[in-house]
Each structure stands twice: as C-alpha cells, then as structure tokens.
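Undergrad: This structure is in structure tokens; I'll ask about it shortly.
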Amino acid sequence: MKYAVLSDIHSNYEALDVVLKKVDEIGVDGYAFCGDLIGYGPDPEECCQRMMKLKNFVGVMGNHDMSLFREDFFNWFSDYAKESMLYTAKQLSKKSQDFIKSFGREYHGKDFCMVHGSFLDPFRDYLLSAEQFVLNLDKWKGQLCFVGHSHVPFIMSYKSNHMPQIDLFLGSDVTIKMLPGIRYMINPGSIGQPRDTNAKASFGILNTKEQTFRLIRLPYDIEAVQSKIESRGLPTILSTRLKQGK
Ligand SMILES: [Fe+2]
3 MKYAVLSDIH
13 SNYEALDVVL
23 KKVDEIGVDG
33 YAFCGDLIGY
43 GPDPEECCQR
53 MMKLKNFVGV
63 MGNHDMSLFR
73 EDFFNWFSDY
83 AKESMLYTAK
93 QLSKKSQDFI
103 KSFGREYHGK
113 DFCMVHGSFL
123 DPFRDYLLSA
133 EQFVLNLDKW
143 KGQLCFVGHS
153 HVPFIMSYKS
163 NHMPQIDLFL
173 GSDVTIKMLP
183 GIRYMINPGS
193 IGQPRDTNAK
203 ASFGILNTKE
213 QTFRLIRLPY
223 DIEAVQSKIE
233 SRGLPTILST
243 RLKQGK
C-alpha cells in the first residue's frame with residue numbers, strides 16, 4: 003500500500019493543489035491527514051471541497067479544526083489566529099464543517115497510527131524532543147506513527163535500550179528505509195505553512211511494501227496566496243511568514 007501523508011494544510015489551496023497533483027503522478031492507494039485543514043490561509047472552503055474528494059482518506063483533527071467547534075480552543079489562539087478563524091467560520095459550508103467534524107482525535111490503524119500534537123495532548127503538545135517521544139511510546143502500538151502540529155518535518159526513531167534519535171528531513175526529496183525492530187514517529191511537515199525556514203510545501207509518501215517513507219518539498223505560487231490574504235483583509239503576518247517559511 004502507498005499512502006500520501008499530508009498535514010497542516012491551513013487553507014492554502016495553491017500549495018494543496020501542487021501537492022495533490024504530484025501525489026496523483028506518483029499514484030497512491032490512500033491518504034493520511036494529520037490535522038489542521040483550516041485556519042491562517044484564505045481558502046478554507048476550497049481546501050475542504052478538494053480533500054473531501056480523496057478516496058481511502060483517514061484524518062485526525064488539529065487544534066485549528068477543533069476551534070471551529072470548541073470555544074476554549076479558539077480562546078487559546080493569538081489575535082491573528084483568532085481573526086483568521088472568524089474569517090474561516092464565515093467561509094465554510096455546512097458540508098465542509100461536517101467533513102472536519104468527522105475527523106477522529108487519534109487514529110490507530112494496521113499500517114500506522116496518527117495524532118495531531120501528541121498522545122499526551124493531541125491539540126496542544128508540540129512533539130519536538132526525545133523526552134516527549136519516549137513518553138508517547140506506550141500510547142500507540144506498531145512501528146509507525148505520524149504527527150503534525152509543529153510544521154517541521156522530522157523523523158524520530160527508537161530501538162529498545164538505545165537512545166532515541168531525532169533527524170530533520172533536509173533536502174527536497176529524501177527517502178528513508180524503516181528497519182525492523184525500530185519504532186518511528188514522523189512529521190511530514192506542513193503543506194500550507196512550513197516553519198522550518200523552507201517555504202516549500204512539505205508532505206510524504208509511505209510505501210508499506212518497501213517499508214519506506216519519502217519526504218517531498220514542492221514550490222508553489224506563494225505570491226498568489228499572499229495577494230489573496232491581503233485582498234481579503236487577513237492579518238499581514240499570515241502573508242509574510244509564508245515566504246519566510248516560519
Ligand atoms: Fe498547524
């Protein structure tokens with residue numbers, strides 16, 4: 003089985019379009035989504051409509067997705083995130099809201115597990131350290147778990163009685179082989195708002211037969227998204243940070 007592993011789209015349709023076209027070119031059997039379909043970007047409805055059409059899709063909810071339905075999550079946001087969520091709520095159809103509502107809090111499947119932040123707190127915890135990785139290990143079974151939320155593509159690996167290892171994905175097309183006896187937590191990075199100082203859209207391809215994960219970065223029309231953000235009156239920081247990749 004081949005899966006496209008997508009995360010943190012954040013209403014960025016131009017980036018999503020480029021990624022899904024590449025996924026089509028590669029050819030996959032299913033789609034895994036690690037959360038945050040909406041928030042920040044200008045095209046929440048368009049992104050939902052596109053994602054709804056994907057076959058064999060499984061998704062978990064991110065904190066931005068959750069804030070549509072829970073005031074406590076909304077209140078946790080910065081002012082510019084709140085502003086973008088108020089805009090988002092006005093744009094979304096009932097069908098799109100129901101689609102987002104259908105995402106689980108966690109996913110535990112045969113080929114992989116998935117959570118947005120971490121199993122300790124799926125919506126607030128930014129999983130970035132070896133200590134957090136180890137604390138999460140008994141919360142999921144199997145070899146592989148995908149996370150999102152930090153918008154930084156990385157791979158954490160753990161072999162019994164060894165120190166956990168953390169590696170960042172550097173480069174535009176990197177394939178790693180997953181080895182037996184090692185457990186992995188992988189963040190495929192963010193499609194719509196990367197924060198590792200690389201502005202290119204980030205996503206991955208899991209190949210369960212070959213036991214590989216391929217991380218791909220793709221350029222997209224950032225200026226087109228920036229002019230939409232500006233013309234729709236969304237906060238300027240949401241536009242400038244796209245080009246900075248942070
Ligand atoms: Fe996010």
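Residue 3 is where the sequence shown starts when you use my numbering, and the numbers rise one by one after that. Using N, Cα and C, we set each Cβ at its ideal position, and we do this for glycine too.
For the segment 51 to 61 against the segment 95 to 113, are there 3 or more C-beta pairs whose distance is under 8 angstroms?
TA: Yes, the segment 51 to 61 touches the segment 95 to 113.
Undergrad: Would the segment 25 to 34 and the segment 72 to 87 be scored as touching if the rule is three or more Cβ pairs under 8 angstroms?
TA: Touching, no, given that fewer than three Cβ pairs across the two stretches are closer than 8 angstroms.
Undergrad: Taking serine 13 as the reference, give the member of Gly194, Ala201 and Phe205 with the closest Cα.
TA: Among Gly194, Ala201 and Phe205, the Cα nearest to that of serine 13 belongs to Gly194.
Undergrad: Using only the alpha-carbon positions, how far apart do valine 117 and threonine 90 sit?
TA: If you take the alpha carbons of valine 117 and threonine 90, they lie about 23 angstroms apart.
Undergrad: So what does DSSP say about arginine 219, is it helix, strand or coil?
TA: Correct three-state label for arginine 219: strand.
Undergrad: For ligand 1, is there any heavy atom lying closer than 6 angstroms to the beta carbon of aspartate 38?
TA: Yes, the Cβ of aspartate 38 comes within 6 angstroms of a heavy atom of ligand 1.
Undergrad: Identify, in the order they occur along the chain, each residue of the same chain with its Cβ nearer than 6 angstroms to the Cβ of leucine 240, setting aside the five sequence neighbours on each side.
TA: Closer than 6 angstroms at Cβ, skipping near neighbours: Tyr42 and Ile231.
Undergrad: Give me the Cβ distance between proline 190 and serine 9, rounded to the nearest whole Å; I'm assuming they're in contact under 8 angstroms.
TA: With a Cβ gap of about 5 angstroms, proline 190 and serine 9 count as contacting.
Undergrad: Rounded to a whole number of angstroms, what is the C-alpha to C-alpha distance between isoleucine 218 and valine 136?
TA: Answer to the nearest angstrom: the Cα atoms are 27 angstroms apart.
Undergrad: Could you check the C-alpha separation between aspartate 67 and leucine 139 for me, to the nearest Å?
TA: Those two C-alpha atoms are separated by around 25 angstroms.
Undergrad: Decide if methionine 225 is buried, meaning its Cβ has at least 16 other Cβ atoms within 10 Å, or exposed.
TA: The question names methionine, but residue 225 is glutamate in the sequence shown. Answer is exposed; the Cβ neighbour count stays below 16.
Undergrad: Could you check where the beta strand (DSSP E) with leucine 208 kicks off and where it finishes?
TA: That run of the beta strand (DSSP E) goes 203 to 209.
Undergrad: Please report the distance separating the alpha-carbon of methionine 53 from that of tyrosine 222.
TA: Each residue's Cα considered, the two are about 18 angstroms apart.
Undergrad: Note down the Cα distance separating isoleucine 102 from asparagine 65, rounded to an integer number of angstroms.
TA: Approximately 11 angstroms between the Cα atoms of the pair.
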